[in-house]
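Step one of this worksheet: look at the structure below.
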Amino acid sequence: MRKAYKYAFDKYRDQYNWFFLARPTTFAIIENLKYFLLKKDPSQPFYLGHTLKYAGVFAENAEDSEGKDIFNTKSVGLFIKEAMTNHPNQVVEGCCSDMAVTFNGLTPNQMHVMMYGVYRLRAFGHVFNDALVFLPPNGSDND
């Protein structure tokens, strides 16, 4: 995976502001990733994880306003199990960030369930704005 990332970065670094590297078992909610990146300065490299640790790039801890990780290394099912054990009265609130970007360790079938839950399921009585537009802050060249 490092070779593929290096190739993509070397070949396309002048064409893109951001590169996202994930495992095949990672489910990513790209809309939340775009939201996360809106306030980032593309001229200031940063990373989440270990990939660029020795390249002098700033490491960042990505959490929401409640201190919950948005780049998760576990599956949503494991988070729910842990919440049921540790906080049975707060499973929904205590499980995961509302702005989660990734969940890891998913099988192909679990990926399909996540796709349905994130992009298709609509609860009756709730208003959904599916026409989200991600506009970068003024003066930003984020896309």
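Anchor point for the sequence shown: position 76 equals 284 in this note's numbering, and the numbering is continuous, going up by one each time.
Note that the Cβ used here is the ideal one computed from N, Cα and C, for glycine as well.
Quick caveat: nothing in here was measured; it's all calculated off a predicted structure.
Assign residue 236 to one of three DSSP states: helix, strand, or coil. strand
Relative to the C-alpha of residue 304, which residue among 236, 331, 280, 313 is closest? 280
For residue 284, count the other beta carbons within 10 Å of its own beta carbon; 16 or more makes it buried, fewer makes it exposed. Which is it? buried
If you scan the region 247-332 from start to end, which runs of the alpha helix (DSSP H) of 4 or more residues do you find wholly inside it? 284-294, 299-303, 316-327
Mind checking whether residue 299 and residue 291 have CB atoms under 8 Å apart? yes
Using only the alpha-carbon positions, how far apart do residue 172 and residue 256 sit? Residue 172 lies beyond the residue range present for the chain, which begins at 209 and ends at 351; the question has no answer from this structure.
Output the distance between the C-alpha atoms of residue 213 and residue 252, rounded to the nearest integer angstrom. 18 Å
Could you give the DSSP three-state label for residue 227: helix, strand or coil? coil
Nearest-angstrom Cα distance between residue 319 and residue 327? 12 Å
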